[in-house]
Structures are given as C-alpha cells and as structure tokens.
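Undergrad:
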Amino acid sequence: MSAAMAAVLGVAPAIAGIAIVEEPQAAGAGSADAVAAVIAKLKALPPLPKGAAMAQGARKALVIGNDAYSSLDKLNKAVGDARSIGATLTSLGFAVTTLENVEVDRFDTALSAFYDSLAEGDVAFFFYSGHGIADGDNNFLLPVDMPKLTELERGKLRRNAIDASDIVAEIKGRGVRLAFIVLDACRDDPFALEDGRSAASIGGLARMKPTEGAFVIYSAGIRQKALDRLDPADADPNSIFTRKFSPLLETPGLPLVEIAKRTQIDVKALAATSAMCRRRPTTTR
C-alpha cells in the first residue's frame with residue numbers, strides 16, 4: 407500500500423452508501439476534505455490478481471466459521487462461508503488455514519499461530535463467520551463454547567470471547583503491508599430471551615477505531631443484523647454476503663475498495679428480494 411490509511415467500510419443489505427471512518431483531521435480541515443482524502447487512499451489500494459505472486463511479502467489467511475454453538479442458537483451457513491472464502495483465497499495465492507466450529511482455546515491458539523506466521527511486508531487476511539456482538543465500542547467474536555450470558559454476567563464476555571480490535575492490533579503489530587479483515591458476525595442476538603429482549607443489553611457490531619493499513623469489511627451496517635438467507639427454505643450453503651463477496655474477490659484487477667462497493671450494491675439488491683428483509687425495519691445513522 408503506497409500510503410498509510412485507516413478505514414472501515416460498512417457493507418449492509420439495509421442501507422445505501424458506504425460508511426467510512428474519517429482519519430483524524432488536521433486543524434482547520436473540513437470533514438468533506440477528510441473523507442475525500444480517505445477515499446483517494448482507498449482507491450490507491452492494489453487489486454488482488456488471481457494467482458499472482460507478491461513482489462514483496464507473502465499472502466497468509468486465517469478463515470474461521472462457527473455454526474455448532476453448544477449454548478447459543480446454532481447457525482447454518484457460517485461453516486459454508488468459511489469453506490468458500492478459504493477456497494477463494496487459496497486460488498488467489500494465499501496460504502490459508504481454515505477452521506470450523508472453534509472453541510475459545512482453539513481460537514486463541516489459531517490466532518497466536520497466525521500472528522507468529524506473519525512477517526514484515528506480508529498481506530494478512532482474516533475472515534470470521536459466526537456469532538458476534540458489540541459491548542460498548544468493543545466487538546467480540548464468539549467461539550462455539552460461548553456460554554449464554556445475562557446482564558449480570560456480561561463481565562465474562564471478554565474472558566470467553568475474542569476482541570476483534572485485538573486481532574487488528576496484533577496483525578498490524580507484525581509489520582504487515584496490508585491487513586484485510588472481514589467480519590460476517592452479526593446475525594440474530596445470541597443472548598436474546600424468549601420474549602425477544604436481549605439478556606445482556608448488547609447488539610450488532612460497533613464501529614471499530616481506525617487503524618493504519620487495516621481494511622475492515624462488515625457484512626452488515628453498524629449496529630445492524632446480517633441477513634444470512636433469503637427465506638427459511640434457502641438451501642444455498644453460503645450467507646448472502648459471501649455469495650456476492652467471494653466471486654468479487656476473484657475478479658481480475660478489481661481494487662479492494664471496488665470489491666467493497668460492489669459487494670454492498672449486490673448484497674442490497676439480493677436482500678431486497680427477501681421477505682425476511684422486507685419485514686425487518688431499517689435504521690440509518
């Protein structure tokens with residue numbers, strides 16, 4: 407990447423437009439100028455040409471999909487998402503580790519091994535599909551052995567879940583050239599009570615603090631749910647996000663920012679055909 411940048415793109419079926427976290431503004435700088443500067447840097451990002459070798463550094467990826475939760479609602483498409491993304495990244499020349507239905511200890515071990523494998527100048531790709539929640543400004547990825555918490559037990563969240571900000575910080579701490587992080591992690595509230603209320607007053611993923619050289623894509627807008635199927639009978643092995651995102655990754659010469667934009671447009675269009683999506687109220691920021 408030719409210039410330091412920090413951005414988070416919200417890829418959401420429920421809202422239009424791309425949500426960009428602005429860089430810290432210089433004294434007297436207008437917000438429009440700041441946003442324009444971020445967009446310019448995003449457009450300068452290189453594409454991921456299929457099968458091409460990197461001029462500098464290696465391509466390494468950790469891909470995790472969690473369906474089989476022991477205490478939380480089980481999911482149906484996260485493992486399929488991980489398999490599809492893992493295969494796509496392999497075709498793009500990444501050395502990929504794909505894991506399914508990961509407990510917290512194995513999650514920690516896999517992350518540590520991934521961090522240790524990274525060298526200065528590498529391109530790192532982390533993909534997670536499964537349950538994920540925000541507690542305040544922190545986003546947590548939930549392993550399959552995550553217990554169901556109540557409001558009084560929310561202090562246990564950090565001990566039993568994975569803080570997404572820590573993943574970004576650890577990857578960037580290895581001196582990688584680019585950290586590409588995709589979180590398909592905001593489906594139904596995993597701690598919801600039978601009457602629909604949340605047992606822990608936590609919800610959809612929050613906006614992450616910008617980090618230089620980190621390109622983060624969510625499968626849903628800030629504090630929104632991701633739609634993993636068009637209807638209850640939808641037999642596709644992948645979530646709506648992965649159905650559109652994975653093929654775009656393989657598009658020759660397509661810059662990362664265009665991948666994000668096109669994914670957003672395609673996901674929104676497909677989700678609009680879903681009765682499940684039409685029944686869900688939309689929110690704007």
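Heads up, the sequence shown is in the numbering used here, so the first residue is 407 and it goes up one at a time.
For every residue, glycine included, the Cβ atom is placed at its ideal position computed from N, Cα and C.
For lysine 480 versus threonine 648, is the C-beta distance shorter than 9 angstroms?
TA: Against a cut-off of 9 angstroms, the Cβ pair of threonine 648 and lysine 480 comes out as no contact.
Undergrad: Alpha carbon to alpha carbon, how far is threonine 494 from threonine 669? Give it in angstroms, no decimals.
TA: It is roughly 15 angstroms from the alpha-carbon of threonine 669 to the alpha-carbon of threonine 494.
Undergrad: Return the residue from the list Leu517, Val510 and Ala666 that minimises the CA-CA distance to tyrosine 475.
TA: Val510
Undergrad: Could you work out which residue in Ala620, Ser645, Gly579 and Ile587 is closest to arginine 489 when comparing CA atoms only?
TA: Ser645
Undergrad: Take glycine 492 as the anchor and find which of Pro661, Lys562, Ser535 and Phe546 has the nearest alpha-carbon.
TA: Ser535
Undergrad: Applying the criterion that 16 or more other CB atoms from any shown protein chain within 10 Å of the CB defines a buried residue, is alanine 459 buried or exposed?
TA: For alanine 459, the predicted model reports a pLDDT of 41, less than 50, meaning its position is unreliable; a value from the coordinates is still stated below. With fewer than 16 Cβ atoms within 10 Å of its Cβ, alanine 459 is classed as exposed.
Undergrad: Looking only at its chain, what residues have a beta carbon closer than 6 angstroms to the beta carbon of isoleucine 568, apart from the 5 residues adjacent to it on each side?
TA: Phe513 and Leu547
Undergrad: Kindly confirm or deny that the stretch 538–555 and the stretch 519–530 touch, where touching means at least three C-beta pairs closer than 8 angstroms.
TA: No contact exists between the stretch 538–555 and the stretch 519–530.
Undergrad: Just list the beta strand (DSSP E) runs in the stretch 448–527, keeping only unbroken ones of 3 residues or longer that don't cross its boundaries, in chain order.
TA: 465–471 and 501–506
Undergrad: For valine 565, is the classification buried or exposed, using 16 other Cβ atoms within 10 angstroms of its Cβ as the cut-off for buried?
TA: Residue identity differs from the one stated: residue 565 is arginine in this sequence, not valine. Result: exposed.
Undergrad: In the stretch 532–598, which residue ranges form an unbroken beta strand (DSSP E) of at least 3 residues, counting only runs that do not cross its ends?
TA: Segments of the beta strand (DSSP E) lying fully in the stretch 532–598: 538–541, 544–547 and 584–590.
Undergrad: Taking all protein chains shown into account, do 16 or more other C-beta atoms lie within 10 angstroms of the C-beta of glycine 486, making it buried, or fewer, making it exposed?
TA: buried
Undergrad: Taking the beta strand (DSSP E) that alanine 620 falls in, what are its first and last residues?
TA: 620–624
Undergrad: Buried or exposed: proline 549, going by 16 or more other Cβ atoms within 10 Å of its Cβ?
TA: Here proline 549 is buried, its C-beta having at least 16 other C-beta atoms within 10 Å.
Undergrad: Which residue marks the beginning of the alpha helix (DSSP H) containing proline 661, and which one marks its end?
TA: Neither: proline 661 is in no alpha helix (DSSP H) and is coded neither H nor E.
Undergrad: I'd like to check one pair, glycine 527 with glycine 581: are the Cβ atoms closer than 9 angstroms?
TA: Cβ atoms of glycine 581 and glycine 527: closer than 9 angstroms.
Undergrad: Please go through the same chain and pick out, in chain order, the residues whose beta-carbon is closer than 6 angstroms to the beta-carbon of leucine 695, but skip the five residues on each side of it.
TA: The chain is shown from 407 up to 691; residue 695 falls before or after that span and cannot be answered.
Undergrad: Which one or two residues does DSSP pair with alanine 677 in a beta bridge?
TA: According to DSSP, alanine 677 bridges with nothing at all.
Undergrad: Verify whether the separation of the beta carbon atoms of aspartate 590 and tyrosine 624 is less than 9 angstroms.
TA: yes
Undergrad: On a CA-only basis, which of Val588, Gly579 and Ser477 is nearest phenylalanine 532? Give me that one, please.
TA: Val588
Undergrad: Do phenylalanine 621 and leucine 660 have their C-beta atoms closer together than 9 angstroms?
TA: no
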